[in-house]
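Right, one structure below, let's go through it.
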Amino acid sequence: MGHFPAKINLGLKLKTQFPSRSRNGLKIRWSGSLTHAVSLMKKTPIRLAAIFGVILVLPFFVRRRPRVACRAVIRGKPEDIFPLLDDLRNWPRWTVWSQRAEIHYRYSGPPRGVGARQEWSSRKRKGALEITHSTPNQRVAYALKMKPGKHRAKGVFALDRVTAHYTRVTWLARWKASRNPLGRYIDLLMLVWIRRDFARSLANLRRLVETPAASSIAEKTRA
324 MGHFPAKINL GLKLKTQFPS RSRNGLKIRW SGSLTHAVSL MKKTPIRLAA
374 IFGVILVLPF FVRRRPRVAC RAVIRGKPED IFPLLDDLRN WPRWTVWSQR
424 AEIHYRYSGP PRGVGARQEW SSRKRKGALE ITHSTPNQRV AYALKMKPGK
474 HRAKGVFALD RVTAHYTRVT WLARWKASRN PLGRYIDLLM LVWIRRDFAR
524 SLANLRRLVE TPAASSIAEK TRA
């Protein structure tokens with residue numbers, strides 16, 4: 324009967340190897356790849372802990388009062404745009420929220436300006452919005468509350484005349500960040516969603532103002 328060779332090389336070139344072991348007279352030199360695999364397994368919990376730490380700490384770098392600012396230059400005068408902002412009954416004409424689902428609105432207080440109030444309800448949520456400051460053809464500020472009162476925000480519109488026929492509209496919103504990490508991640512998502520909705524709403528506002536009927540709408544609202 325033939326003899327087995329004294330050593331069997333598994334053919335893997337590695338920097339480190341386990342000591343050879345003898346079994347039934349057969350010497351086998353284990354590949355260092357197993358050493359590398361064991362080393363990776365030891366490092367995996369450390370890496371997972373580091374990733375978890377980053378996920379846990381990252382939300383706290385979000386500013387304490389997240390803010391969203393969106394701008395649009397509209398062909399029109401401030402007096403043509405202001406009535407569409409100062410009168411909450413005109414908001415469903417250009418805000419994107421009224422285009423997504425069936426919303427029921429209720430208005431109270433003065434028809435426009437400080438104290439004008441809009442309440443809305445849909446199948447998923449309820450809320451209220453009230454104008455807190457109004458400077459004709461310059462500025463409109465509001466306070467937003469999402470029932471049952473857990474979410475509050477403040478917003479403002481600023482109208483700046485760029486040229487004789489163009490106006491820059493700036494829409495700014497702020498709210499208080501959540502205290503827990505999960506809530507902070509929701510705040511990050513809200514930044515994305517609100518910025519998207521603001522941009523689309525201002526695009527609708529631009530189309531509304533720049534249509535021939537916009538001037539008649541403004542005149543009727545001012546009357």
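Residue numbers (this note's numbering): 324 to 546.
All residues carry an ideal CB built from backbone N, CA and C; glycine is no exception.
Asked	Found
Alpha carbon of V520 to alpha carbon of A424, nearest angstrom	The residue you asked about is not Val; residue 520 is Asp in the sequence shown. Each residue's Cα considered, the two are about 14 Å apart.
Close-in-space but distant-in-sequence residues of the same chain around A464 (CB under 6 Å, 5 per side omitted)	T455, H456 and V479
Rounded Cβ spacing between V532 and D403 (contact assumed at less than 8 Å)	6 Å
Span of the beta strand (DSSP E) around D403	Taken as a continuous stretch (DSSP letters only), D403 belongs to no beta strand (DSSP E), being part of the alpha helix (DSSP H) at P401 to D409.
9 Å Cβ cutoff met for D410 and A439	yes
Simplified DSSP assignment, three categories, for I426	coil
Alpha carbon of Y489 to alpha carbon of A496, nearest angstrom	23 Å
Cutoff 6 Å; reference S444; Cβ partners in own chain excluding five residues on either side	H427
Secondary structure of A522, DSSP reduced to three states	helix
Check whether C393 and A487 have beta carbons under 9 Å apart	no
V437 in three-state terms, based on DSSP	coil
For G399 and L514, the rounded distance between their alpha carbons	29 Å
Alpha-carbon to alpha-carbon, W498 and R390	7 Å
DSSP three-state assignment for K338, whether helix, strand or coil	In this prediction, K338 has a pLDDT of 45, which is less than 50 and means its spatial position is unreliable; nothing more can be read from the coordinates.
Continuous beta strand (DSSP E) stretch holding S457: start and end	K449 to T458
Integer-rounded CB distance, given that R448 should sit under 8 Å from M554	Because the chain is modelled from 324 through 546, residue 554 falls outside the range shown and cannot be assessed.
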